[in-house]
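Remarks on the structure that follows.
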Amino acid sequence: MNRTDRLLEVLAVLQTQKVVTVDYLKERFHISTRTLYRDIQLLTELRITVQYENEKGYFILKGYRSPAPETPVNIQDLGQVSQSIILIPDHLKNDVLALLQAGNNVAK
Numbered sequence: 001m002n003r004t005d006r007l008l009e010v011l012a013v014l015q016t017q018k019v020v021t022v023d024y025l026k027e028r029f030h031i032s033t034r035t036l037y038r039d040i041q042l043l044t045e046l047r048i049t050v051q052y053e054n055e056k057g058y059f060i061l062k063g064y065r066s067p068a069p070e071t072p073v074n075i076q077d078l079g080q081v082s083q084s085i086i087l088i089p090d091h092l093k094n095d096v097l098a099l100l101q102a103g104n105n106v107a108k
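Residue numbering for the sequence shown follows full-length UniProt numbering, beginning at 1 and increasing consecutively.
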């Protein structure tokens, strides 16, 4: 999984759950603690207010988190991961699109 897809999935998880532990994110995405910290740092640079609370985990402040679906949703069931971008607040979409384009240019 490339970094862009992983970031979008991390964001989707954070927006649909109240609190997410570091261990859960590391295990779900098969990444190291350092990689997770870098991903969270990038999300905060995109002005997504990701917070951390000791012995609980990561969460997004109330105004940025989508309500949890009534039934559990598996992100792979949505088709392409990029479809989860609809969870990103409108004022951040341009920043995220610029990041995605920059990531695609680096990968070539």
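Every residue, glycine too, gets a C-beta built ideally from N, C-alpha and C.
Inter-residue Cα distance where the pair is residue i and residue j
i: T21; j: L99; result: 25 Å
i: E27; j: D95; result: 28 Å
i: I60; j: E9; result: 14 Å
i: F29; j: E45; result: 21 Å
i: M1; j: V13; result: 16 Å
Residue span of the beta strand (DSSP E) that contains residue i, given as start and end
i: E53; result: 50-53
i: I60; result: 57-60
Own chain partners of residue i with C-beta closer than 6 Å, once the 5 adjacent residues on each side are dropped
i: L43; result: V50
Same chain only: Cβ atoms within 7 Å of residue i, ignoring 5 sequence neighbours per side
i: G57; result: V19, V20, T21, V22
i: L36; result: V22, L25, K26
i: L39; result: According to the sequence as given, residue 39 is Asp; it is not Leu. Hits under 7 Å: R6, L7, V10.
Buried versus exposed, by CB contacts within 10 Å (16 or more), residue i
i: T16; result: buried
i: L97; result: exposed
Delimiting residues of the alpha helix (DSSP H) encompassing residue i
i: T21; result: That residue, T21, is in no alpha helix (DSSP H); it is neither H nor E in DSSP.
i: R47; result: Premise fails: R47 is in no alpha helix (DSSP H) and is neither H nor E.
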